[in-house]
Amino acid sequence: MEWAFPIGATSLAPGDVLELTALDPSGADLWTWALPGVARPETSSPAGPNVSRISSRGRRVTAGPWLLEFATNGELVRLERNGKDLGLRGPTAMAWQRHEREFKSILQAAKLELDITPRGEKDVIARVTSSHGTLRSMTWRLAGEELRLSYQLRASGDVDILGIRFDHPDAVVAKRWLGHGPYRVWKNRLLGTRFGLHELKYNDPVPGESFDYPEFPGFFRDWRWLELQTRDARLLFQNLGDVPFFGLHRPQPGKQPVISLPDLGWSFLHAIPAIGSKFDLPAVLGPQSQPTRFDGVVRGELSLSAEVPPIAAQ
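Be aware that the sequence shown starts at 111, since it is given in our numbering, and climbs by one per residue.
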């Protein structure tokens with residue numbers, strides 16, 4: 111059977127989704143199909159309005175409603191919107207390789223050069239570059255009311271976890287995302303999820319002891335946007351560069367762990383690990399369970415917006 115809809119994919123914005131659910135005569139849910147929006151060609155807007163909206167003093171930059179403060183290595187040490195500190199720090203590069211059931215860092219550190227509001231680039235807030243190491247560049251831009259972050263990583267050989275990671279000191283109370291879910295995935299366990307809009311309150315189950323499903327922490331795939339709600343703000347990340355996975359926190363390993371992961375923070379990833387069993391490590395479970403092999407530069411781009419409550423008058 112063929113169905114025709116008056117709304118085509120091009121009628122939906124890139125972050126929108128049209129869901130169609132089929133019900134049987136008793137009203138039971140048989141299946142849900144999701145039609146995602148398609149990104150339209152981006153037209154460059156005049157850079158002029160942003161010129162007066164970006165100013166710097168030392169390593170502090172005011173960009174529209176944002177204030178960004180950077181460390182000498184280019185990491186964010188403070189991020190405010192409309193005067194409210196959002197608590198977001200970073201990002202840092204992450205590169206991990208499996209060692210039995212645990213992981214060791216294979217991050218190649220290097221000296222990073224920070225350039226605040228580079229001359230001749232009117233929308234650029236800051237750029238970080240290096241000729242060596244895993245992290246090769248990060249560029250922060252102002253696009254309307256959003257921040258945009260593009261980055262380049264360089265990796266060679268087998269890697270189990272590769273990407274960038276933000277830290278946030280505040281507790282996350284819920285997440286909402288457009289992508290595959292609601293269950294988490296592993297490199298060798300990508301099936302069993304459905305593309306659509308998912309929403310979940312925070313949980314932190316321990317394998318074999320508590321059974322809160324779907325799990326909040328872990329790896330998730332094929333995402334378009336991710337909204338994380340803290341006690342004081344909502345932060346929205348949009349996937350502008352086909353970053354295949356995001357990761358959250360550190361899944362509990364349990365008493366006899368099948369796998370013991372590093373703390374993922376809020377990470378955006380180009381490789382995730384496979385999972386083994388009680389008896390076997392992933393290395394003996396077939397080609398889908400092997401590490402991801404890289405040889406060159408990996409690129410990604412994200413946008414960041416935030417919703418914060420108004421600050422009460424003193």
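Ideal placement from N, C-alpha and C gives every residue a C-beta, glycine not left out. Please read all numbers here as calculations on a predicted model, not as lab measurements.
Whole-Å CB distance - residue i paired with residue j, under 8 angstroms assumed
i    : j    : result
G174 : L252 : 6 angstroms
F355 : L379 : 4 angstroms
V295 : F329 : 6 angstroms
R304 : E411 : Not confirmed; about 26 angstroms, so no contact.
L345 : L196 : 6 angstroms
M204 : G273 : 6 angstroms
L222 : G184 : 5 angstroms
P383 : R211 : Wrong, their Cβ atoms sit about 11 angstroms apart, outside the cutoff.
P327 : L358 : 5 angstroms
Between the CA atoms of residue j and residue i - distance to the nearest angstrom
i    : j    : result
R299 : S166 : 46 angstroms
E417 : G254 : 15 angstroms
F321 : P315 : 6 angstroms
R199 : G137 : 47 angstroms
R229 : E256 : 21 angstroms
W250 : E231 : 11 angstroms
Y323 : T340 : 21 angstroms
R286 : E129 : 16 angstroms
P419 : L189 : 15 angstroms
A265 : F404 : 6 angstroms
T402 : W376 : 21 angstroms
L288 : T142 : 14 angstroms
V164 : A219 : Here residue 164 turns out to be Ile, not Val, going by the sequence shown. About 30 angstroms.
Residue i - containing beta strand (DSSP E), residue span
i    : result
V171 : R170 to A173
V234 : V234 to T239
L259 : E256 to V269
Q207 : R199 to H209
E319 : Careful: E319 lies outside any beta strand (DSSP E) and carries neither H nor E.
Exposed unless 16 or more other CB atoms sit within 10 angstroms - verdict on residue i
i    : result
D270 : buried
F88  : With the chain running from 111 to 424 in the structure shown, residue 88 is simply not present.
D233 : buried
S241 : exposed
T244 : buried
N313 : exposed
G406 : exposed
V394 : exposed
P135 : exposed
Per-residue DSSP class, three states only, for residue i
i    : result
Q339 : strand
V353 : coil
P397 : helix
P361 : coil
P392 : helix
H242 : coil
G193 : coil
D332 : coil
E212 : strand
K285 : strand
A220 : coil
E129 : strand
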